[in-house]
Amino acid sequence: MKFGGTSVQDAEAMTRVINIVRKQWADNPTSRPPVVVVSAMSKVTDRLVETGRLAAERKGNDATQIIGDLLTRHLGVAASLVQGPALDELQAQLRADFTALQGDVRKWADAGEVTPAAADALQAMGELASSRMVAAAFRQQGVDAAWVDSRQVLVTDAEHSAAVPDIEATTERCQAIVAPKTAAGQVPVMGGFIGATADGVTTTLGRGGSDYSAAIFGACLDVDEIQIWTDVDGMLTADPRVVPSPVLVPELSFDEASELAYFGAKVLHPSTILPAVAKNIPVRILNSRRPEVKGTMITARGRGDGHTLTALACKRGVTVIDITSSRMLMAFGFLRRLFEVFERFKTPVDVVTTSEVSVSVTVDNTRRLDDIISNLRNFAEVSTEADMAIVCIVGENLRSDPALFARAVTSLNGIPLRLVSQAASRRNITFVLKDADVVDAMNKLHDQFFGVKAGA
């Protein structure tokens, strides 16, 4: 059971988490105790990222002040959850952790550098603190819970901020560290998002990685179901921040969920589905504020009723890269050479279209964009266009409805389309357009296919 940042944002939210877990366990008394994975408290990771930025700018006082403010917030929440000697122990641990972090931040600020490894160690504090607090709160409420340091369990490579889990090593750690606790009737409580190399250096899976952590732990422990508890009722037909009246999707397939997550559905991290698929473990999306709602169930089969369209997704902040080479496009090995550049700089490509003399791709990670462009210009002409977005229609067997594509394009009449692509998987139709047109495009498509007008 994974609970996101808003689900553990304060003492009231954490108490809801405890009640949800206790009820589920009470409803299934013969089952193993659940494994609980939590994100950092809401907005904490953002503040830690800001701390790193300030330290890199040599603004040590400002950076350490944020750490002090975060400590105060955590101490206050702890005092609302735990009493007596347990509170003294918890607050002492929090003070020790945050004070040590303040010392590290001061050193980084003096040097004017926050290395990738340091940034991961900094950002890990949110999950370490929240998981300690939730474990203590469980014990306060009479639940035998054990805090587990995720860095001792989730083994990754050394790619900081985007670490790749070693599933085999993590499975061994899960079976050695976590499984005995559930066998003894304890509820393990762990932080998501964080892991460590085999040598013990702290790493992170990237923003939103707590979902991924939970799915990995679930797969390694062969659980019956992975639950992602968030602040929405489940997967919706569109992002409610873009389309005011989306509809709950009660069930969808692993493939559909993967497409939606990859193309911007914020409720689920794109990699979450992978471990579940490998073990065929259902994933359920639920709302911690409305636990009575059944949410969305994600399974291998999905709805299985021959439906065509499931939902819309959008990914903003996209850059289009146009690569042109009249001499080499049709030459053997050109595309291989092109994509080797993106692989070299660990930058995934979202959408690809080709013509006789050019290839256009989209990326949303522009951290190494200058290096990519420089390398591409060794064998092609390159131009870019920023402030673009991807709008995606997702569903099983989209090609089975020949009129669907025409309906989509017609509904987008008046909106300039930069690129159009239909996936070989037959599960998505993708439009690339200006970011400024996203809201208009999403609402027009939603009205066309789900019959719910924006604002209705």
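Each position in the sequence shown, counted from 1, maps to that position plus 14 in this note's numbering. Each residue gets a CB set at the ideal place from its N, CA and C atoms; glycine is no exception.
Which value, in whole angstroms, describes the spacing of the CA atoms of Asp41 and Gln137?
36 Å
Residue environment, Thr244, which counts as buried when at least 16 other CB atoms sit within 10 Å
buried
Backbone secondary structure at Val167 - three-state DSSP
coil
The stretch 109-119 in contact with the stretch 165-176 per 3-pair CB rule at 8 Å:
no
Candidates Gly98, Ala123, Ile32 and Val452: closest to Asp158 by CA position:
Ile32
Looking at the strands, I want to know which residues DSSP matches up with Pro202.
Ala160
On a CA-only basis, which of Ala70, Val58 and Ala100 is nearest Gly82? Give me that one, please.
Val58
Residues near Thr286 in its chain [Cβ-Cβ closer than 6 Å; skip 5 each side]
Asp225, Tyr226 and Ala229
What whole-angstrom Cβ distance do Ala110 and Leu101 have, given they're in contact under 8 Å?
Not quite, the Cβ-Cβ distance comes to about 15 Å (not below 8 Å), so this is no contact.
Three-state secondary structure (DSSP) of Phe17:
strand
Within this structure, are the beta carbons of Asn389 and Val355 separated by less than 7 Å?
yes
Assuming Val96 contacts Ala151 (C-beta within less than 8 Å), just tell me the rounded distance between them.
6 Å
Could you give the distance in angstroms between the alpha-carbon of Arg304 and the alpha-carbon of Val281?
Approximately 15 Å, taken between the alpha carbons.
What's the C-alpha gap between Gly66 and Asp378?
The straight-line gap from Cα to Cα measures roughly 22 Å.
Range covered by the alpha helix (DSSP H) that runs through Phe419:
In the DSSP annotation of this structure, the continuous segment of the alpha helix (DSSP H) that includes Phe419 starts and ends at Pro416 to Ser425.
Going by Cα to Cα distance, which pick from Lys329, Glu127 and His283 is closest to Ala450?
Lys329
Expressed to the nearest angstrom, what Euclidean distance is found between the alpha-carbon atoms of Lys467 and Pro258?
The pLDDT assigned to Lys467 is 47, lower than 50, so where the model puts this residue is not dependable, and the model offers no usable value.
Between the stretch 399-417 and the stretch 448-465, are three or more C-beta pairs nearer than 8 Å?
Cβ pair count under 8 Å is three or more, so yes.
For the stretch 408-420 against the stretch 261-278, are there 3 or more C-beta pairs whose distance is under 8 Å?
yes
May I have the straight-line CA-CA distance separating Ile80 from Leu62, to the nearest angstrom?
Cα-Cα distance, rounded: 8 Å.
List the residues that DSSP assigns as beta-bridge partners of Val408.
Secondary-structure assignment with DSSP links Val408 through a beta bridge to Ala325 and Asn442.
When burial is assigned at 16 or more other CB atoms within 10 Å of the CB, is Phe507 buried or exposed?
Because the chain here runs from 15 to 470, residue 507 falls outside it and cannot be looked at.
Buried/exposed call for Asn457, threshold 16 Cβ in 10 Å
buried
Would Pro296 and Thr324 qualify as a contact pair, given that the criterion is a beta-carbon distance under 7 Å?
no
Would you mind giving the Cβ-Cβ distance between Gly140 and Ala25, rounded to the nearest angstrom? I have them listed as a contact below 8 Å.
The pair is not a contact, with the Cβ atoms about 16 Å apart (cut-off 8 Å).
Sequence-distant residues of its chain with Cβ nearer than 8 Å to Phe112 (five each side left out):
In its chain, beyond the 5 residues on either side, Ile81, Gly82, Leu84, Leu85, His88, Met139 and Ala143 have a beta carbon closer than 8 Å to the beta carbon of Phe112.
Check whether Lys16 and Val51 have beta carbons under 7 Å apart
yes
Which ranges would you report for the beta strand (DSSP E) in the stretch 172-202 if only whole runs of at least 3 residues count?
Within the stretch 172-202, no complete beta strand (DSSP E) run reaches 3 residues.
When you compare the CB positions of Asn427 and Glu273, do they come within less than 7 Å of one another, or not?
no
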